[in-house]
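Residue numbers (our numbering): 384 to 521.
Every residue, glycine too, gets a C-beta built ideally from N, C-alpha and C.
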Amino acid sequence: MSAADTDDVAAANAALYEAFETADVDRMSRVWDEVDPDAVVCVHPGWPMLRGRDTVLRSWSAVMAGTDYIQFFLTDVQVTVLGDTAIVTCQENVLTEVSEQGDGNAAVIATNVLVRRPGGWRVQVHHGSPVLGRLVDE
């Protein structure tokens, strides 16, 4: 695993969140793998698993259309490159518009799997699980 690979994967991973923050459907489309569209999988927090590139991109369009404001602060980011596959784990600290349902803050644990393609690294799997409670150190 070279430092350049790690940096490239980190940049491709960041592009996923930047596309969401800016609600840029075209940019989001460029982030996801086109070579093997049937292998694309996404689990949004609280959603069932979605399979297939077209289905996943439609879900992102719907999520972005229903989101007035969102900003991510990624922490505990770990990048592992295994040949032409990379795994990124992180905590998504999410700020959204304040609503009647909550204070606009949330934490999600995410795992993203990226694959190396001729045009660079592309997301093939995104899985986000909400953090429902905090562990207390004893």
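Give the straight-line distance between the Cα atoms of residue i and residue j, rounded to the nearest whole angstrom.
| i | j | result |
| --- | --- | --- |
| Y400 | G435 | 20 Å |
| L543 | S385 | Residue coverage of the chain in this structure runs from 384 to 521, which leaves residue 543 outside it and unanswerable. |
| D467 | G449 | 34 Å |
| E521 | Q474 | Summary for E521: the model assigns pLDDT 44, below 50, so the residue's position carries little reliability; its value from the coordinates is reported in the next sentence. Answer to the nearest angstrom: the Cα atoms are 22 Å apart. |
| V418 | N488 | 35 Å |
| V514 | D391 | 28 Å |
| V446 | I453 | 11 Å |
Judging by CA-CA distance, which residue of the options is the nearest neighbour of residue i?
| i | options | result |
| --- | --- | --- |
| T472 | R505, S512, W430 and Q461 | Q461 |
| D522 | V426, G503 and A493 | The chain is shown from 384 up to 521; residue 522 falls before or after that span and cannot be answered. |
| D451 | W415, T463 and E480 | E480 |
| W430 | Q507, A422, S442 and D421 | S442 |
| N476 | N495, M411 and F455 | F455 |
| M411 | T463, D391 and Q507 | Q507 |
| V423 | V496, S444, A469 and D388 | V496 |
Along the alpha helix (DSSP H) that carries residue i, what are the first and last residues, could you check?
| i | result |
| --- | --- |
| T438 | R436 to A448 |
| A386 | A386 to E404 |
Residue i: buried (16+ other C-beta within 10 angstroms of its C-beta) or exposed?
| i | result |
| --- | --- |
| M432 | exposed |
| F403 | buried |
| V408 | exposed |
| L465 | exposed |
| A394 | exposed |
Flag this pair as yes or no: are the beta carbons of residue i and residue j separated by less than 7 Å?
| i | j | result |
| --- | --- | --- |
| G511 | V491 | yes |
| V414 | A397 | no |
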